[in-house]
Structures are given as structure tokens and as C-alpha cells.
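Asker:
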Amino acid sequence: MIEVVLHAGKFYHPTHEKVDSVKSLLPPLQEGFTLLKEIRKGSVVELFQKFSDNILKDPSTKGIEGVPFLSAWLRKSNLIQIIEKNLKDIGYLDAFTGDKKRIKAQPRGVVSHWIAGNVPTIGLFSLFQSMLVGNANIMRVPPKSHETLVRLLHVFAETRIETGVSGALLLKSVAIIYYDKADAKANEDLSDIADARVVWGGEEAVKAITNVPRRAHCEDIIFGPKYSLAVMDAAAVKSENLGRTLKFLASDIFLFDQAACTSPHVVFCEKEGADIASLARMLGDEMAKLAKRFPKIDVDQFIMTRIINARAEHALDPAASVVCSPENDWTILINQRPGLEEPIESRTVYLKVVDSIMDVVPLITKKVQTIGCAIDDKAKLLAFADEATFRGVARCVNIGQMHLFDSPWDGMLFMSRLVNWVTLYHGD
0 MIEVVLHAGK
10 FYHPTHEKVD
20 SVKSLLPPLQ
30 EGFTLLKEIR
40 KGSVVELFQK
50 FSDNILKDPS
60 TKGIEGVPFL
70 SAWLRKSNLI
80 QIIEKNLKDI
90 GYLDAFTGDK
100 KRIKAQPRGV
110 VSHWIAGNVP
120 TIGLFSLFQS
130 MLVGNANIMR
140 VPPKSHETLV
150 RLLHVFAETR
160 IETGVSGALL
170 LKSVAIIYYD
180 KADAKANEDL
190 SDIADARVVW
200 GGEEAVKAIT
210 NVPRRAHCED
220 IIFGPKYSLA
230 VMDAAAVKSE
240 NLGRTLKFLA
250 SDIFLFDQAA
260 CTSPHVVFCE
270 KEGADIASLA
280 RMLGDEMAKL
290 AKRFPKIDVD
300 QFIMTRIINA
310 RAEHALDPAA
320 SVVCSPENDW
330 TILINQRPGL
340 EEPIESRTVY
350 LKVVDSIMDV
360 VPLITKKVQT
370 IGCAIDDKAK
380 LLAFADEATF
390 RGVARCVNIG
400 QMHLFDSPWD
410 GMLFMSRLVN
420 WVTLYHGD
């Protein structure tokens with residue numbers, strides 16, 4: 000049984016409509032797909048800009064975790080940069096461009112999305128890019144994200160610009176659904192109608208979807224399990240701006256409760272000038288401030304048990320130590336074990352000292368997505384980033400910007416993979 004949260008512009012949350020087949024949802028979405036073709040993409044960018052402003056002001060959305068990042072990403076200036084990186088010019092989305100040989104970026108058609116439940120807003124980054132280039136979209140979204148997405152998309156539906164283009168109009172090409180992951184027939188149907196499949200999730204989820212047969216022309220875009228970390232060189236540790244850096248680092252740790260692929264789980268600091276105990280206390284002070292503003296909710300008991308065990312292990316180890324809140328609000332685990340650490344999440348971070356940040360490079364695998372960097376020396380930063388990205392890291396960014404969704408993402412120009420490049424030869 001398929002639960003329908005949103006279909007062709009109509010909301011069914013919280014009393015979801017039930018349908019027997021994913022494919023039965025397709026005809027109204029194809030009508031919406033045809034409507035999208037008539038809308039100039041510059042108008043869509045203007046609509047997204049207005050929506051960006053609205054979600055920061057609307058009482059129903061302004062307090063949602065991740066909304067400031069989503070709003071910044073939806074701004075016109077950012078979207079134009081993304082379009083230029085991916086497609087060179089927005090004009091390719093509206094018309095054949097060129098002289099004798101003309102080129103246009105046509106939508107792929109129907110894009111099926113399987114969205115992970117760790118970050119409720121993550122699916123919107125792929126949905127809005129797919130809508131912008133003119134695709135119809137069906138998204139399978141876990142139940143715990145429904146409330147957040149519906150609140151945001153209600154505001155989007157009510158957003159309108161002077162040309163008459165509205166979010167409600169664009170949502171006529173969108174469906175949000177849910178079905179049990181064991182429903183093989185639903186997965187097969189969602190895959191069978193797709194001209195592109197977008198999968199966000201862990202290794203098990205990704206394998207489950209990619210093993211489902213797809214049409215020969217269907218494009219697979221996979222955002223699989225990733226790991227992120229941070230590095231601080233000696234100059235950053237000794238800098239008068241250290242307090243500011245640690246404030247930003249605490250924010251990167253707290254946002255999304257470390258469930259995002261961009262969340263840091265271990266921080267490496269250069270040994271020269273580093274008093275690791277003092278550094279841990281300063282980071283702990285910043286984490287304590289955030290804990291007061293953003294107390295934990297929906298505490299996962301399995302994760303809490305892991306935190307308690309990790310605290311005990313480090314407290315009993317003479318070569319390790321722990322700095323933490325009296326309760327389970329936040330935890331800093333200090334050890335000198337070589338290598339990365341298995342993520343615990345829930346505001347739990349490992350702190351380690353290295354002789355040089357270049358000592359971190361051999362630890363990097365292609366599973367590492369983002370490294371937050373506090374490295375002021377440009378030559379040193381470039382050398383580190385070149386070695387890290389050579390080994391598979393997708394993003395080296397400033398600490399405090401680890402969760403900023405940008406392009407490329409996970410090593411790919413996502414929007415460019417949502418279009419079909421077509422040609423028209425005209426003239427002699």
C-alpha cells in the first residue's frame with residue numbers, strides 16, 4: 000500500500016491518501032510536467048528567491064533545523080552560480096542556443112527520489128534542482144520527515160511572483176509518497192517509471208535500490224554513506240581567533256545532531272603549541288552554550304548507550320580522557336589512537352593531536368566527503384586539499400561551513416545530470 004503525502008499540488012498530510020500502485024500517480028504528474036515546459040526558468044529562479052525569504056519569516060518554518068542553509072542555497076545569486084557551473088547558461092533551459100549548431104538542455108522526464116531520513120530537508124535540494132530544469136518528481140520520504148517537508152512546501156505553494164508563477168503551479172508535477180522498504184513491487188514501479196533515479200541513504204539502502212532493474216536510458220545519481228572530519232593547524236590553534244573557530248566547529252557538530260554526511264566526527268589538531276586539554280575545555284564551553292539553546296529531543300537510547308560506554312572507556316584509559324556535560328548533552332573524547340573513529344553521533348566528537356595535518360592524509364578513504372579546515376596559510380591549505388581530494392574527499396571548506404550545500408556535491412555536478420543535452424543543426 001502506498002501512502003500519499005502530496006500529489007499534483009494537493010496535500011494529504013496527516014491523513015494520507017492510500018493507493019495501490021505508484022504508477023497510478025503518474026498521469027496527473029505528466030500534466031504538471033507539460034505545464035513546467037511553458038514556464039521560463041528565470042521565473043522559477045525568482046520564485047525560489049521569494050520562497051527563500053518567506054521560509055525565514057513564516058512562523059511555521061523559520062524555526063526548522065537547516066532552514067537558514069536552505070534559504071541561503073535558494074537565493075538567486077547562488078542558484079545562478081549553480082546553473083552556470085552545471086549548464087553554463089540558464090538560456091539553454093528555455094531555447095535552442097547557438098548559430099548553425101544549436102544546443103538545448105531538455106528535462107529528463109520523471110525523476111524518482113529515494114530520500115534518507117537523517118536530515119529532513121535534504122530531499123529538497125534535489126527536488127528544487129530537478130523542478131528548476133523542468134522534470135516531474137516522485138519522492139519516497141520516510142515518515143519522520145513528512146511534517147517538516149509539508150510545512151515547507153505549504154509555504155512554497157503559497158509563494159507567488161508578479162508574473163503569476165507560483166509554487167502551487169510547480170507542485171502539480173510533484174508527488175511525495177511513503178511505502179515500507181520491504182515493498183518490492185513499489186520499489187520496482189518507482190524505478191520502472193524513472194528517467195533518472197536519485198538515491199540518498201546508507202549502504203544498505205543504496206544497494207537495495209540500485210539492484211532494482213531500471214530502464215536502459217535511466218540515469219542513476221547516488222548520494223551514499225559518507226564521513227566527515229575537521230583539521231586545525233598549529234597557527235589556527237595559537238591564533239587569537241581560536242575562540243571564533245571553536246564556536247563555528249561546535250555549530251558544525253550540533254547541527255543535524257551529527258546525522259548528516261557533512262557532520263564532523265573527529266577533529267585533528269597539530270601538536271605544536273596545542274594544549275589538548277585546554278582546547279577541549281574551550282570547545283566544551285561552546286558546546287555547552289549551544290546545548291542550552293538547543294536541548295536534545297527524541298533521544299535515541301541506543302546512541303545514548305554508546306555515548307555512556309565511550310565515556311567510560313576513555314575515563315578508564317590512562318592514555319585518554321573525556322570532557323563532557325553532566326548529562327548526555329555533549330561529549331568530547333580525547334585519545335591518540337591512529338585513524339578515524341566510528342561515528343557515535345548525538346554531539347559526540349573525538350579530538351586527536353597529530354604532528355602535521357599531512358599525517359591525516361593517509362587515513363583518508365573515498366568515504367570521506369567533507370573536511371572542515373582551519374588553515375590560514377594558503378599554500379599549506381592548497382597542498383593539504385590537493386592530497387585529500389586526490390584520495391577521494393569531495394569538499395575542503397572552512398570550519399563553520401561544513402553543512403553548506405554547494406555544487407559540485409559528492410564529486411558531481413548534480414543539475415547537469417538531470418537534463419538531456421540535445422542538438423539542432425540549422426542552415427548550410
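0 is the number of the first residue of the sequence shown in the working numbering; add one for each residue after it. Glycine residues also receive a C-beta, built at the ideal position from the N, C-alpha and C atoms. Fair warning: this is a prediction, and the values are worked out from it, not measured in the lab.
Which residue or residues does DSSP assign as beta-bridge partners of Arg101?
Answerer: Answer is Gly97 and Leu423.
Asker: Which same chain residues end up closer than 6 angstroms to Gly223 when comparing Cβ atoms and leaving out the 5 residues on each side of it in sequence?
Answerer: Cβ neighbours of Gly223 beyond the five flanking positions: Val205.
Asker: Find the nearest neighbour of Met430 within the set Gln128, Val18 and His112, judged by alpha-carbon distance.
Answerer: Outside the displayed span of the chain (0 to 427) sits residue 430, for which this structure offers no information.
Asker: Can the beta-carbon of Thr147 be found closer than 7 angstroms to that of Pro106?
Answerer: Not a contact, by the Cβ cut-off of 7 angstroms.
Asker: Who are the Cβ neighbours of Glu285 in its own chain at under 6 angstroms, not counting the five residues just before and after it?
Answerer: Excluding positions up to five away in sequence, the list reads Leu245, Lys246 and Ala249.
Asker: Expressed to the nearest angstrom, what Euclidean distance is found between the alpha-carbon atoms of Lys143 and Gly116?
Answerer: Distance between the alpha carbons of Lys143 and Gly116 is about 7 angstroms.
Asker: Determine, using beta carbons only, whether Arg101 and Leu417 come nearer to each other than 7 angstroms.
Answerer: Not in contact: Arg101 and Leu417 (Cβ atoms no closer than 7 angstroms).
Asker: Just to check my reading of the structure: Phe413 and Trp72 have Cβ atoms closer than 8 angstroms, yes? What is that Cβ distance to the nearest angstrom?
Answerer: Rounded, the Cβ-Cβ distance is 12 angstroms, inconsistent with contact.
Asker: Opposite Glu218 in the DSSP bridges: which residues?
Answerer: According to DSSP, which records beta bridges pairwise, Glu218 is partnered with Ala195.
Asker: Taking 6 angstroms as the cut-off, is the CB of Cys260 close to at least one heavy atom of the ligand FAD?
Answerer: With respect to small molecules bound, the structure shown includes none, and the ligand FAD cannot be examined in it.
Asker: Just mark Gly200 as buried or exposed, buried being the case when its beta carbon has 16 or more other beta carbons within 10 Å.
Answerer: Gly200 comes out buried.
Asker: When the Cα atoms are used, what is the spatial distance from Asp354 to Ala195?
Answerer: The alpha-carbon atoms of Asp354 and Ala195 are separated by roughly 46 angstroms.
Asker: Report the CB separation of Ala229 from Ile398 in whole angstroms; it is logged as a contact under 8 angstroms.
Answerer: Yes, Ala229 and Ile398 are in contact; Cβ-Cβ is about 6 angstroms, under 8 angstroms.
Asker: Could you tell me whether the stretch 384–401 touches the stretch 171–186, where touching means 3 or more Cβ pairs closer than 8 angstroms?
Answerer: Output reads no: the stretch 171–186 does not touch the stretch 384–401.
Asker: Taking the alpha helix (DSSP H) that Val149 belongs to, which residues open and close that run?
Answerer: His145 to Glu157 is the span of the alpha helix (DSSP H), which, as asked, contains Val149.
Asker: Mind checking which residues open and close the beta strand (DSSP E) that includes Ile333?
Answerer: Here the beta strand (DSSP E) through Ile333 covers Thr330 to Ile333.
Asker: By the 10 Å Cβ neighbour count, where 16 or more other Cβ atoms means buried, how is Phe47 classified, buried or exposed?
Answerer: Buried.
Asker: Taking only the alpha-carbon atoms, compute the straight-line gap between Val371 and Leu24 and give it to the nearest angstrom.
Answerer: Going by the sequence as given, residue 371 is Gly instead of Val. Going from the Cα of Gly371 to the Cα of Leu24 covers about 42 angstroms.
Asker: For the structure I just gave you, are there three or more beta carbon pairs, one from the stretch 38–55 and one from the stretch 150–168, closer than 8 angstroms?
Answerer: A contact exists between the stretch 38–55 and the stretch 150–168.
Asker: Straight-line CA distance for Asp52 to Gly163?
Answerer: If you take the alpha carbons of Asp52 and Gly163, they lie about 18 angstroms apart.
Asker: Could you check whether Asn327 and Ile306 sit closer than 7 angstroms to each other, using their CB atoms as the reference points?
Answerer: Closer than 7 angstroms, so yes.
Asker: With Ile208 as the anchor, note down where its alpha helix (DSSP H) starts and where it stops.
Answerer: Glu202 to Thr209 is the span of the alpha helix (DSSP H), which, as asked, contains Ile208.
Asker: Which two residues bound the contiguous alpha helix (DSSP H) that contains Gly391?
Answerer: No alpha helix (DSSP H) holds Gly391; DSSP gives it neither H nor E.
Asker: Look at the alpha carbon of Phe383 and the alpha carbon of Tyr177, and state the distance between them as a whole number of angstroms.
Answerer: Using only the alpha carbons, I get a separation of about 43 angstroms.
Asker: So, helix, strand or coil for Leu35, using DSSP?
Answerer: Note: Leu35 maps to helix in three-state DSSP.
Asker: Any chance you could list the alpha helix (DSSP H) runs of at least 4 consecutive residues sitting entirely within the stretch 46–85, in chain order?
Answerer: With a minimum length of 4 residues, the continuous alpha helix (DSSP H) runs that stay inside the stretch 46–85 are 66–72.
Asker: Less than 8 angstroms between the CB atoms is what I'm expecting for Phe10 and Val149, so what's the real figure, rounded?
Answerer: About 6 angstroms; that satisfies the 8 angstroms criterion.
Asker: What number of angstroms, rounded off, separates the C-alpha of Ile221 from the C-alpha of Val211?
Answerer: Computed Cα separation, rounded: 14 angstroms.
Asker: Count the other CB atoms, across all protein chains shown, that sit within 10 Å of the CB of Lys36; report buried if there are 16 or more and exposed otherwise.
Answerer: Lys36 comes out exposed.
Asker: Beta-carbon separation of Leu315 and Ala174 under 7 angstroms?
Answerer: Cβ distance not < 7 angstroms, so Leu315 and Ala174 don't count as in contact.
Asker: Can you tell me the Cα-Cα spacing of Asp93 and Thr14, whole angstroms?
Answerer: Roughly 38 angstroms between the two C-alpha positions.
Asker: Please work out which residues of its chain come closer than 8 angstroms, Cβ to Cβ, to Gln80, disregarding the five sequence neighbours upstream and downstream, and give them in chain order.
Answerer: Counting only Cβ-Cβ distances below 8 angstroms, and skipping sequence neighbours, we find Ser406.
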